[in-house]
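Counting from 2, one number per residue, gives the positions in the sequence shown under this note's numbering.
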Amino acid sequence: MTSPILAATETESMADLRTRVTELEQELSIMKRAAGEEWLTEQRAEAIRGLVADVLADADTRASFADGMTGYYDGGAIIQSADGSFRLKVNGQMQVRFNYNRRDTSAGGVDPSIHGFENRRTKLKFTGHVWDKTWQYAITGAFDRDGGTSGGSFRLEDAFIKKQLENNTYVRMGQFKLPFAREELVSSSKQLLAERSLINEEFNQDFAQGIELGWTGEQVRVFAAFSDGFASRNSAALTMPISEYAFTGRAEVLLGGTWKQFDDFTSMPGSTNEVGVMLGGAAHYQMDDYGTVATEVERFTWTLDGSVEGDGWNAFASFTGNHLSSMGAMDIDQYGVVVQGGLFINDKNELFARYEWGDDDSTSDDLSVITVGMNSYYYKHNLKSTIDVGYALNEVASTWSSSSAGWRTTGVDEDGQLVVRAQLQLLF
Numbered sequence: 002m003t004s005p006i007l008a009a010t011e012t013e014s015m016a017d018l019r020t021r022v023t024e025l026e027q028e029l030s031i032m033k034r035a036a037g038e039e040w041l042t043e044q045r046a047e048a049i050r051g052l053v054a055d056v057l058a059d060a061d062t063r064a065s066f067a068d069g070m071t072g073y074y075d076g077g078a079i080i081q082s083a084d085g086s087f088r089l090k091v092n093g094q095m096q097v098r099f100n101y102n103r104r105d106t107s108a109g110g111v112d113p114s115i116h117g118f119e120n121r122r123t124k125l126k127f128t129g130h131v132w133d134k135t136w137q138y139a140i141t142g143a144f145d146r147d148g149g150t151s152g153g154s155f156r157l158e159d160a161f162i163k164k165q166l167e168n169n170t171y172v173r174m175g176q177f178k179l180p181f182a183r184e185e186l187v188s189s190s191k192q193l194l195a196e197r198s199l200i201n202e203e204f205n206q207d208f209a210q211g212i213e214l215g216w217t218g219e220q221v222r223v224f225a226a227f228s229d230g231f232a233s234r235n236s237a238a239l240t241m242p243i244s245e246y247a248f249t250g251r252a253e254v255l256l257g258g259t260w261k262q263f264d265d266f267t268s269m270p271g272s273t274n275e276v277g278v279m280l281g282g283a284a285h286y287q288m289d290d291y292g293t294v295a296t297e298v299e300r301f302t303w304t305l306d307g308s309v310e311g312d313g314w315n316a317f318a319s320f321t322g323n324h325l326s327s328m329g330a331m332d333i334d335q336y337g338v339v340v341q342g343g344l345f346i347n348d349k350n351e352l353f354a355r356y357e358w359g360d361d362d363s364t365s366d367d368l369s370v371i372t373v374g375m376n377s378y379y380y381k382h383n384l385k386s387t388i389d390v391g392y393a394l395n396e397v398a399s400t401w402s403s404s405s406a407g408w409r410t411t412g413v414d415e416d417g418q419l420v421v422r423a424q425l426q427l428l429f
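Below, the structure is given as structure tokens:
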């Protein structure tokens, strides 16, 4: 029970506090009227700045989850544990493209000139590690660009588990691009032109399911893979065998510069003081699965390539051969050459040109295509536009035509096909 004396004392204290508050409010009102709009003194401004800093610090703290997970952005949206043992990074790629194609005559009732827009690539990529930084993973999927109202399906690309071993060695198992053509190994987001060459489209390895071992030294790196064969993505082991066996190997030699320089095909002004030179070679041997097809095809494909990058300029060349043999049929020997280069005319704009030649070992004319264009980099590869124009000096046989690259099949001895591509790319 509260005593009368204590109750009286508390009542008097409350009365005193109310009186003090009233006096302070009156003084503050007088000060504001006296100072007008100058009431925000440096002292008060500093106090407000301190309050803002406290609020921002509190926001950073709230970005940490209750279980110790943190989220932030660093070249992608990242979620990771407080100790860094678990990490998930999410990236995306969008390429929106306008295509124009003109060939001399119509075929199958199709207009000689066609054009339109497409979402050439729409991808999501998930990468990271679990338990420690040596156990890594990658899952990449792309939304189908075709199919109309029923299109847009999500198709699996990369899907592998990777173990980083000692001495810059790794092993990975799952679905990935085999270590073969350099054009294909460089990301579609870091190409020089709007699209890879027609030579690459015919001879490239695409995604395969298998196991790969890789090692990187200061000047040499090598890769070896055992897989289901070229273009064996998303295939079940027992219901859809692609090959009896397939082996792929690639080696690269760094004669100048750094390995990082060759993650793409361009070289930004001021990005390097040293000319980078890299030579590479790869081979692939594959035998079709016995009994799956009427005639098993034996395939041996090889490629040689060279890349040079300097301060604001770059060059690349490759020579690829493809040998196919089967019982009861003539052997086929196909070859392709790609030469391309780029030069920055200022800090943002890069001119480029490419020539490609191909022989498919048929009665058709050799492929002969010239493409020129320009890249504009607004935020490096993260935001750039590309426009290029391609012209076929000879016919484009069915071996080389590619709708994804904007090229159609032409008639025999029909040259002059024209392709215009304008593309905007966004990476996040």
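Glycine included, every Cβ here is placed at the ideal spot set by N, Cα and C.
Proximity to Lys349 [Cα-Cα], best of Tyr380, Gln341 and Gly329:
In the sequence shown, counting from the first residue as 1, residue 349 sits at position 348. Comparing Cα-Cα distances from Lys349 to each of Tyr380, Gln341 and Gly329, the minimum goes to Tyr380.
So is Pro270 in contact with chain C if we call contact Cβ pairs under 7 Å?
The question asks about chain C, but that chain is absent: this structure has only one protein chain.
To the nearest angstrom, how far is it from the Cα of Thr387 to the Cα of Ser154?
Residue numbering aside, residue 387 sits at position 386 when the sequence shown is read from its first letter. Residue numbering aside, residue 154 sits at position 153 when the sequence shown is read from its first letter. Approximately 26 Å, taken between the alpha carbons.
State whether the stretch 266-273 contacts the stretch 337-355, with contact taken as three or more CB pairs (one from each stretch) at a distance under 8 Å.
When Cβ pairs closer than 8 Å are counted between the two stretches, the stretch 266-273 is seen to touch the stretch 337-355, the count reaching three or more.
According to DSSP, residues forming a beta bridge with Asp289
Stepping through the sequence shown from its first residue, residue 289 is reached at position 288. According to DSSP, residue pairing for Asp289 in a beta bridge involves Ser244.
Flag this pair as touching only if the stretch 79-98 and the stretch 117-125 have three or more C-beta atom pairs under 8 Å; answer yes or no.
Of all C-beta pairs linking the stretch 79-98 to the stretch 117-125, three or more are shorter than 8 Å, placing the two stretches in contact.
Could you tell me which residues DSSP puts in a beta bridge with Lys178?
By one-based count along the sequence shown, residue 178 stands at place 177. Answer is Phe208.
Can you say whether Gln220 is buried or exposed, counting buried as having 16 or more other CB atoms within 10 angstroms of its CB?
Residue numbering aside, residue 220 sits at position 219 when the sequence shown is read from its first letter. Counting Cβ neighbours within 10 Å, Gln220 comes out exposed, since fewer than 16 surround it.
Does at least one heavy atom of the ligand FAD sit under 6 Å from the Cβ of Arg121?
In terms of ligand content, the structure shown is empty, and the ligand FAD therefore cannot be addressed.
Of the choices Glu299, Leu280 and Phe429, whose alpha-carbon is the least far from that of Gln287?
Here the question's residue 287 lines up with position 286 in the sequence shown. For Gln287, the closest alpha carbon among the candidates Glu299, Leu280 and Phe429 is that of Glu299.
I'd like to confirm the pairing. Which residues does DSSP put opposite Tyr101 in its beta bridges?
For the purposes of this step, residue 101 is identified with residue 100 of the sequence shown, where counting begins at 1. In DSSP, Tyr101 forms a bridge with His116 and Val421.
Same chain only: Cβ atoms within 6 Å of Gln335, ignoring 5 sequence neighbours per side
Locating residue 335 in the sequence shown gives position 334, where the first residue counts as 1. Counting only Cβ-Cβ distances below 6 Å, and skipping sequence neighbours, we find Asn323, Asp361 and Asp362.
DSSP state of Ile140, grouped into three classes?
Stepping through the sequence shown from its first residue, residue 140 is reached at position 139. Per DSSP, reduced to three states, the secondary structure at Ile140 is strand.
If contact is defined by three or more beta carbon pairs under 8 Å, each pair taking one atom from either stretch, is the stretch 67-83 in contact with the stretch 398-411?
No, the stretch 398-411 is not in contact with the stretch 67-83.
Where Ser188 sits in the DSSP three-state scheme
One-based indexing of the sequence shown puts residue 188 at position 187. In the structure shown, Ser188 sits in coil (DSSP, three-state: anything other than H, G, I, E or B).
Classification of Asn235 by the beta-carbon crowding that lies within 10 angstroms, buried from 16 upward:
Reading the sequence shown from its first residue, position 234 is the one you call residue 235. Label assigned to Asn235: exposed.
For Arg173 versus Phe161, is the C-beta spacing smaller than 7 Å?
For the purposes of this step, residue 173 is taken as residue 172 along the sequence shown, with counting starting at 1. For the purposes of this step, residue 161 is taken as residue 160 along the sequence shown, with counting starting at 1. Between Arg173 and Phe161, the C-beta spacing is below 7 Å.
To the nearest angstrom, how far is it from the Cα of Trp358 to the Cα of Ser198?
Counting from 1 along the sequence shown, the entry for residue 358 is found at position 357. Counting from 1 along the sequence shown, the entry for residue 198 is found at position 197. Near 10 Å, if we compare the C-alpha coordinates of Ser198 and Trp358.
On the premise that Leu194 lies in contact with Thr372, defined as a C-beta separation below 8 Å, what is that separation, rounded to the nearest angstrom?
Translated into the one-based positions of the sequence shown, residue 372 becomes position 371. Translated into the one-based positions of the sequence shown, residue 194 becomes position 193. Indeed, because the Cβ distance is near 6 Å, the residues count as touching under 8 Å.
Does DSSP put Lys163 in a helix, a strand or coil?
Mapped onto the sequence shown, residue 163 falls at position 162. Looking at Lys163 - three-state DSSP - the assignment turns out to be strand.
The beta strand (DSSP E) spanning Ser377 covers which residue range?
As a position in the sequence shown, residue 377 is number 376, starting the count at 1. First-last of the beta strand (DSSP E) with Ser377: Leu368 to Tyr378.
Which of helix, strand or coil does DSSP assign to Trp40?
As a working note, residue 40 is residue 39 in the sequence shown. Confidence at Trp40 is low in this model, with a pLDDT of 48, below 50, so its placement is unreliable and no value can be given for it.
Can you list, in chain order, the residues of its chain with a C-beta nearer than 6 Å to that of Asp289? Leave out the 5 residues immediately preceding and following it.
On the sequence shown, residue 289 is found 288 positions in, with the first residue counted as 1. Hits under 6 Å: Ser244, Glu297 and Val298.
Within 10 angstroms of its Cβ, does Lys126 collect 16 or more other Cβ (buried), or is it exposed?
The residue you call residue 126 lines up with position 125 of the sequence shown. Label assigned to Lys126: buried.
When DSSP labels each residue in this structure, what does Ala54 get in the three-state scheme?
Working through the sequence shown from its first residue, we reach residue 54 at position 53. DSSP places Ala54 in helix when its eight states are reduced to three.
I need the straight-line Cα distance from Gly149 to Asp112, nearest angstrom please.
Counted from its first residue, the sequence shown places residue 149 at position 148. Counted from its first residue, the sequence shown places residue 112 at position 111. Taking the straight line from one Cα to the other gives about 20 Å.
Hey, Gly281 and Arg183: beta-carbon distance below 7 Å or not?
The residue given as residue 281 occupies position 280 in the sequence shown. The residue given as residue 183 occupies position 182 in the sequence shown. Their beta carbons are under 7 Å apart, which means Gly281 touches Arg183 by this criterion.
By alpha-carbon positions, which one of Gly69, Ala284 and Asp105 ends up nearest to Ser86?
Numbered from 1 along the sequence shown, position 85 holds the residue referred to as residue 86. Answer by Cα proximity: Gly69.
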